[in-house]
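A.B. asks:
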Amino acid sequence: MDQVHSKLISSKTLVGPFPPFHPEDAGESPHLLFLKWYQEALKYGIHETHSMTLSTIGVDGTPDARVLILKDVDEAGWYFASSANSTKGVQLHNNPRVALTFYWSMIGKQVRIRGNAVPMDRERSAEDFLNRGIVARAIALIDKQSLILEDQQNFHSALADQLDRMEQAPELISPSWSLYRVEANEVEFWQADEERKHTRLTYERQQGSWAKSLLWP
Ligand SMILES: Cc1cc2nc3c(=O)[nH]c(=O)nc-3n(C[C@H](O)[C@H](O)[C@H](O)COP(=O)(O)O)c2cc1C
C-alpha cells in the first residue's frame, strides 16, 4: 500500500510534448473540431481512440458512469449502442441527460460533451446490431446485461443456447438493442500544456447555432 501511495505522489501527468491547439482557428461546429481531434488521435496511434465514458443519472439520482464504444459522429450528435434493458438503458429511459468524456493522454486532449441521449429507430439499431460479432450478438440476445449472475455456468449455457438459435436464424435481432445519439448542448475541448497553461474552448448551443467561449484553466 505504501508503495502505491509513494508511486501515486511521484507519478507525472501531462508530460508532453503536445501538438498545439489554436482556439482562434476552431470552426463554428463542435462536431467538426471533434473529428479533427479524433483524426489527430488516430494519427498518433492512440489505443482504443473510440473508448469513452458515458455518465448517466441513476433512477435514484445517483450519478453512474461506464466506458462504451463510440459508434459514429455527425452533425446531429455522438452515437453509442447498448441494451435498452441494461441498467444504463433504464436510466436513460428515466432521464436522458448524459455526459460523454474522451481523454487521449498521448496528445493531452480531453473532450467533454453534455446533452440528451435519444434512442434511434428500429432500423438503425438493427443495422448496428448486425454489425456486431457473433458472440457479442448472442450475448445481447440473452439480454440480461447488468442483472445478478448467480453462477458463471449459467452464462455459458445461455450463450450456447443463443449461438444454437443463431445457427438456425443468423439474422436474429435483439428487440431491446438500441443505438442512441447524444444530442449535445455543450462541448468542451481541453488541451493540456506541459507548463500547466492549458487551453479550454467550449461550445454552447444557443437557438440553433453554437456560441464559443474560452474557459479559465
Ligand atoms: C472499452 C470498453 C468498451 C465497451 N463498450 C460497450 C458498448 O459499446 N456497449 C455496451 O453496452 N457496453 C460496453 N462496455 C461495457 C460497459 O462498460 C458496461 O460494463 C456495460 O454496458 C453495463 O453497463 P450498465 O450496467 O451501466 O448498463 C464496454 C466496456 C469497455 C471497457
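Remember, the numbering used here sits 216 above the position in the sequence shown when you count from 1.
No residue lacks a Cβ here, since even glycine has one placed at the ideal position from N, Cα and C.
Keep in mind it's a predicted model, so treat the numbers as computed, not measured.
Counting along the chain, where does the alpha helix (DSSP H) carrying Lys259 start and finish?
C.D. replies: Here the question's residue 259 lines up with position 43 in the sequence shown. Unbroken alpha helix (DSSP H) run through Lys259: Pro246 to Lys259.
A.B. asks: Express the C-alpha separation of Trp406 and Leu395 in angstroms, rounding to a whole number.
C.D. replies: As a first step, residue 395 must be located in the sequence shown, where it is residue number 179. As a first step, residue 406 must be located in the sequence shown, where it is residue number 190. Roughly 27 angstroms separates the two Cα atoms.
A.B. asks: Between the beta-carbon of Arg397 and the beta-carbon of Tyr295, is there less than 7 angstroms?
C.D. replies: Here the question's residue 397 lines up with position 181 in the sequence shown. Here the question's residue 295 lines up with position 79 in the sequence shown. Going by C-beta atoms, Arg397 is nearer than 7 angstroms to Tyr295.
A.B. asks: Quick check: Gln378 and Ala354, are their CB atoms within less than 7 angstroms of each other?
C.D. replies: Taking the sequence shown and counting its residues from 1, the one referred to as residue 378 is at position 162. Taking the sequence shown and counting its residues from 1, the one referred to as residue 354 is at position 138. Yes, these two residues count as a Cβ contact at 7 angstroms.
A.B. asks: Output the distance between the C-alpha atoms of Val334 and Pro246, rounded to the nearest integer angstrom.
C.D. replies: Position 118 of the sequence shown, counted from the start, is the residue given in the question as residue 334. Position 30 of the sequence shown, counted from the start, is the residue given in the question as residue 246. Cα to Cα, Val334 sits roughly 19 angstroms from Pro246.
A.B. asks: Kindly list the residues whose CB is nearer than 7 angstroms to the CB of Pro279, restricted to its own chain and excluding five residues on each side of it in sequence; keep chain order.
C.D. replies: Position 63 of the sequence shown, counting from 1, holds the residue named residue 279. The residues are Ser271 and Ile273.
A.B. asks: Whose C-beta lies closer than 6 angstroms to the C-beta of Glu410 among residues of the same chain, with five residues either side of it excluded?
C.D. replies: For this step, residue 410 is matched to residue 194 along the sequence shown. Once the five neighbours on either side are set aside, the close Cβ partners of Glu410 are Gly232.
A.B. asks: Ignoring anything shorter than 3 residues, give me the beta strand (DSSP E) runs that lie fully in the region 381 to 427, in order along the chain.
C.D. replies: Complete beta strand (DSSP E) runs here, min 3: 393 to 407 and 415 to 422.
A.B. asks: Taking its Cβ as the centre, do 16 or more other Cβ atoms sit within 10 Å of Ile364, making it buried, or is it exposed?
C.D. replies: For this step, residue 364 is matched to residue 148 along the sequence shown. Flag for Ile364 reads exposed.
A.B. asks: Any idea if Gln180 is buried or exposed, counting beta-carbon neighbours within 10 angstroms, 16 or more meaning buried?
C.D. replies: Residue 180 is absent from the model: the chain starts at 217 and stops at 433.
A.B. asks: Quick check on Asp377: does DSSP put it in helix, strand or coil?
C.D. replies: Locating residue 377 in the sequence shown gives position 161, where the first residue counts as 1. Helix, per DSSP.
A.B. asks: Alpha helix (DSSP H) containing Lys303: first to last residue?
C.D. replies: Numbered from 1 along the sequence shown, position 87 holds the residue referred to as residue 303. One point to set straight first is that residue 303 is Thr, not Lys, in the sequence displayed. Thr303 -> alpha helix (DSSP H) spans Thr303 to Asn310.
A.B. asks: Would you list the residues sitting across from Trp294 in a DSSP beta bridge?
C.D. replies: Numbered from 1 along the sequence shown, position 78 holds the residue referred to as residue 294. DSSP output for Trp294 lists Val289 and Val398 as bridge partner(s).
A.B. asks: With a CB to CB cut of under 6 angstroms and the five nearest residues on each side skipped, what residues in its chain are close to Ile358?
C.D. replies: As a first step, residue 358 is located in the sequence shown; it is residue number 142 there, counting from the start. If we look at Ile358 and ignore the five residues flanking it on each side, its Cβ neighbours are Ala374 and Gln378.
A.B. asks: Mind the definition here: the region 336 to 356 touches the region 312 to 319 only if three or more C-beta pairs lie below 8 angstroms; say whether that holds.
C.D. replies: Counting Cβ pairs under 8 angstroms, fewer than three are found: no touch.
A.B. asks: With DSSP as the reference, identify every bridge partner of Gln326, one or two as the case may be.
C.D. replies: If you number the sequence shown from 1, residue 326 lands on position 110. Paired residue(s): Tyr319 and Trp406.
A.B. asks: Should Trp253 be labelled buried (16 or more other beta-carbon atoms within 10 Å of its own) or exposed?
C.D. replies: To locate residue 253, count along the sequence shown from 1; it is residue 37. By the 10 Å Cβ count, Trp253 comes out buried.
A.B. asks: What is the DSSP secondary structure of Leu224, reduced to helix, strand or coil?
C.D. replies: As a first step, residue 224 must be located in the sequence shown, where it is residue number 8. Leu224 falls in the helix class under three-state DSSP.
A.B. asks: Go to Ile273, then tell me how far its beta strand (DSSP E) extends in each direction, as first and last residue.
C.D. replies: Taking the first residue of the sequence shown as 1, we reach residue 273 at position 57. Where Ile273 is concerned, the enclosing beta strand (DSSP E) stretches over Ser267 to Ile273.
A.B. asks: Does Ala342 come out as helix, strand or coil in the three-state DSSP assignment?
C.D. replies: Here residue 342 corresponds to residue number 126 of the sequence shown, with the count starting at 1. DSSP places Ala342 in helix when its eight states are reduced to three.
A.B. asks: Measuring from each Cβ to the nearest heavy atom of ligand 1, keep the ones under 7 angstroms and list them in chain order.
C.D. replies: Result: Glu264, Ser267, Asp280, Arg282, Val283, Leu284, Ile285, Phe296, Ala297, Ser298, Ser299, Ser302, Thr303, Lys304, Gly305, Gln361 and Ser362.
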